[in-house]
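Remarks on the structure that follows.
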Amino acid sequence: GAVVSQHPSWVICKSGTSVKIECRSLDFQATTMFWYRQFPKQSLMLMATSNEGSKATYEQGVEKDKFLINHASLTLSTLTVTSAHPEDSSFYICSARPADGYTFGSGTRLTVV
Amino acid sequence: KNEVEQSPQNLTAQEGEFITINCSYSVGISALHWLQQHPGGGIVSLFMLSSGKKKHGRLIATINIQEKHSSLHITASHPRDSAVYICAVTDKLIFGTGTRLQVFP
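Line by line, the protein sequences give chains A and B.
Counting in the working numbering, the first sequence runs from 1 upward without gaps.
Counting in the working numbering, the second sequence runs from 114 upward without gaps.
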């Protein structure tokens, strides 16, 4: 089946640094990828929709300058958390729609200290 | 009020029990999804429904478009079914808050 590979699975970084999270579609082309954030014991929230070759679409309340999304190829989308702060600590996960349904990455647990 | 509501929030069962998780939504949808999230965070897509019923192994998902309601059933539950089950609706993915299921031996 269709697989989305997400890397890294966890990362700890210092406050003020930037962290890049990658999602790759392994056996299909993904013109669109979705990025979500999940705080402990809360539901997944869509942050942005990443479109290959064009600008991402951000949901209301998500700072586009803080959460940089790049979708430069049909198989790779990246989310960079810039100038990370402890309140950015969360679980970040991506997904794509290969044909039928959604395929999710394994998620990245970000801890900012 | 959330656009996608799930019940119950938490569910505990003995191995072998029949389990039902409910999802109600208040928006127009093109499809409804049932997802399973394991303790480590990884998410698996279980079903995508736009009408009727689907079955995969011990899992059955139904949807009633008129009533804006879906159910996920697990027959002969097993401890490995312990996870958070999430209902989500599209076009724009809107997630329910999830149902935390624990199945004890």
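The C-beta atom is built at its ideal place from N, Cα and C for all residues, glycine as well.
Going by beta-carbon coordinates alone, are LEU126 (chain A) and LYS205 (chain B) separated by less than 9 Å? This structure gives no information on residue 126 (chain A), because the portion of chain A shown stretches from 1 to 113.
Closer than 7 Å, Cβ to Cβ, to anything on chain A: give me those residues from the region 145 to 170 of chain B, in chain order. HIS146, GLY154, GLY155, ILE156, SER158 and MET161
Put GLU87 (chain A) into one of helix, strand or coil per three-state DSSP. helix
Residues in the same chain with beta-carbon distance under 8 Å from PRO192 (chain B), minus the five sequence neighbours each way, listed in chain order, please. GLU128, VAL216, PHE217 and PRO218
Between THR103 (chain A) and SER95 (chain A), how many whole angstroms is the CB-CB distance? I'm expecting something under 8 Å. 6 Å
Report yes or no: do the region 140 to 151 of chain B and the region 61 to 74 of chain A share at least 3 C-beta pairs separated by less than 8 Å? With a cut-off of 8 Å, the region 61 to 74 of chain A and the region 140 to 151 of chain B do not count as touching, because too few Cβ pairs lie within range.
Tell me whether the region 129 to 137 of chain B and the region 30 to 37 of chain A touch, counting them as touching only if at least three CB pairs, one residue from each stretch, are closer than 8 Å. No, the region 129 to 137 of chain B does not touch the region 30 to 37 of chain A.
Quick one: Cα of THR175 (chain B) to Cα of LYS168 (chain B), how far? 9 Å
When B:SER158, B:THR212, B:PRO152 and B:ALA201 are compared against GLU116 (chain B), the one with the closest alpha-carbon: B:ALA201
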